[in-house]
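Each protein sequence line maps, in turn, to chains W and B.
Heads up: the first sequence begins at 1085 in the working numbering, then just goes up one per residue.
Heads up: the second sequence begins at 7 in the working numbering, then just goes up one per residue.
Built from N, CA and C at the ideal position, the CB exists for glycine as well.
Reviewing the structure listed below.
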Amino acid sequence: MDLPSMETMMLDPASGLTAGTADEVRIATIVDGRGRAGKTTVANVLVQFCRERGANLRVWNADRQNETHSLSVFHRDAVRPPSDDPDDKGAWLEESFDAQVRERFDSVLDLAGGDPLVRLLARETELVATLEQHRVRLVLWQVLGPDVADLDYLKLSMEAGLFAPATLLVLNAGLVRSKRSIEAVFAEVTGHKVFVDAVAQGAQVVWFPGLVCMKGVAERGLTFAEAKRGIVKPGQQRFVLFDQTRVEIFWEKHIPAFFAQIPADWLPRMADRAARSRGGIQ
Amino acid sequence: MSDETLTKVLAGLQGRRFRGRSDLYRWLRANYKRLAPRLAQDQVSWGVLAQEIAAAGLKNRKGASPSADSVRRIWGTVCRDLAREAAAKAQRRTRKYPSRISPNWWPQVVEPPRPMTSAGPPVLSSPSVNESSLGGVPGRQSSEVVEFPTVDPSGAPLAEGHVFYRGQSMLRRVAEQLARIDRQAREMDRFK
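This is the structure in structure tokens:
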């Protein structure tokens, strides 16, 4: 879907999406990190979770290298840059932020591993401050695995000025497949100066929970709501009983718990929060 | 320090643990929590503290009034002992249990969000997700209060707002976040 055609989706009160008001702060979430750290999985969970709760959210998929498990598989309305050319991607991103400022929606951007796209724009335009002036809060989700090299991208983001004021360090516990303890496997990362400095500068740290059968869900191109109900697409193998239960526990307990750790004003606006602020839910 | 206070101090020392330690050690240890912040903020010099302790009648193991240097040194011993005991206690909590993550695993909740600073008034009216009905489990959201040493293992007081954690000095709010994720990791490990 290209940008002009998305304008028709805007803020229809009858659609049940959260329209909000013109001066309300909107959230631009950028999911960044090294390749294989779990960015797309985390972004996919974020989008599904918020949309289940009525968020008016646009998905920007800048990861053109990842076809099999890309966000576009799960979210057909995800917008992609016209090509992998850096100039095309840069222009596409600027147009996307411009549309967000004018049209007032929340966004989630999934970057390819180590893609300098946003960092370049941030260096050139003081992106965080510029968006804030237009009441769009940039929230950086830096996804980290247990490899110290994952911190290189956090360091680059800090140097590019992408870091403040809202940064979430997402420790992906789902990457620990060995019998070693999660605490021990991540000790080098969480004890590293770059990590500690980021926390000192105001970053919040959260654990992203693992799901043993995550690969099975992703490879079937299912949403978590579908997988927990045991739905599969034609020609696919059904989920075994216990995997279905695992998905249900993940989606109904662990993921809400994960989101409960994140400051509410760093998340896209969701319908139940909007209703609460209007006194609609007691 | 008045005689009455001294009497109370000495009475409080009766039958205490740490056999073989001087009264000074016991007294510094018993009053660690109250003394540490003041020493960390340089509100009290070692000399003044030694004079007050001498005036109160506390003696070192040789029966002499303690000097500023001996108070500083014994304070360091107290801090070291407390840090070791805290580390040993933490280590005892890191036992691992073979299993997958528990269905009942529930992480601690972070502090409330900081307001937006540079783009007009913060957005406020929306309640936090913590308060919402997003799958919350009642009674799981209280945050644990952790106490951190405000001096390093040698007894030297740390800069204001700093505490000692993971073998280094750091801001208290950083230590609190790191302690929280360490605790959550241990909780996940229990069910791994």
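query: Indicate the three-state DSSP secondary structure (helix, strand or coil) for W:D1116 in the structure shown.; result: strand
query: Give me the chain B residues within the contact set of W:W1074, using Cβ-Cβ distance strictly less than 7 Å, ordered along the chain.; result: This structure gives no information on residue 1074 of chain W, because the portion of chain W shown stretches from 1085 to 1366.
query: From this set, B:E166, B:A46 and B:V180, which residue's C-alpha is nearest B:V152's C-alpha?; result: B:V180
query: Starting from W:A1257, find everything on chain B with Cβ-Cβ shorter than 7 Å and list it in chain order.; result: M194
query: Rounded to a whole number of angstroms, what is the C-alpha to C-alpha distance between B:S175 and B:A191?; result: 22 Å
query: Which residues in the same chain as W:V1232 place their Cβ atom closer than 8 Å to its Cβ, once the five residues preceding and following it in sequence are excluded?; result: E1272, V1273 and H1276
query: Where does B:G26 sit, in a helix, a strand or coil, going by DSSP?; result: coil
query: Please list, in chain order, all residues of the same chain as B:Y171 whose beta carbon is under 7 Å from its beta carbon, the five residues on each side excluded.; result: F154, A181, L184 and A185
query: In chain B, what lies closer than 9 Å to W:W1291 by C-beta?; result: P113, I187, Q190, A191 and M194
query: Spell out whether any CB of chain W is found under 8 Å from the CB atom of B:R178.; result: no
query: Measuring only the C-alpha atoms, how far is W:L1351 from W:S1156?; result: 21 Å
query: Rounding to the nearest angstrom, what Cα-Cα distance links W:V1301 and W:R1137 in this structure?; result: 21 Å
query: Which residues of the stretch 1276-1308 of chain W have a Cβ closer than 8 Å to any Cβ of chain B? Give them in chain order.; result: V1280, V1283, A1284, G1286, Q1288, V1289, V1290, W1291, P1293, G1294 and V1296
query: Does W:F1270 get closer than 8 Å to chain B when you measure Cβ to Cβ?; result: yes
query: What residues in the stretch 152-180 of chain B have a beta carbon less than 7 Å from any beta carbon of chain W?; result: R172, M176, L177 and V180
query: Give the C-beta separation of W:L1252 and W:V1223 to the nearest angstrom, bearing in mind that I take them to be a contact with Cβ-Cβ under 8 Å.; result: 7 Å
query: Can you say whether W:E1210 is buried or exposed, counting buried as having 16 or more other CB atoms within 10 angstroms of its CB?; result: exposed
query: If we ignore side chains and look at the alpha-carbon of each, how far apart do W:I1339 and B:A46 end up?; result: 41 Å
query: W:A1287 and W:V1220: beta carbons closer than 8 Å?; result: no
query: Whole-angstrom Cβ separation of W:N1150 and W:V1163, contact assumed at under 8 Å?; result: With 8 Å as the limit, W:N1150 and W:V1163 do not qualify as a contact, their Cβ atoms being about 15 Å apart.
query: Please name the residue in B:L177, B:G173, B:R178 and B:I187 whose C-alpha comes closest to that of W:A1257.; result: B:I187
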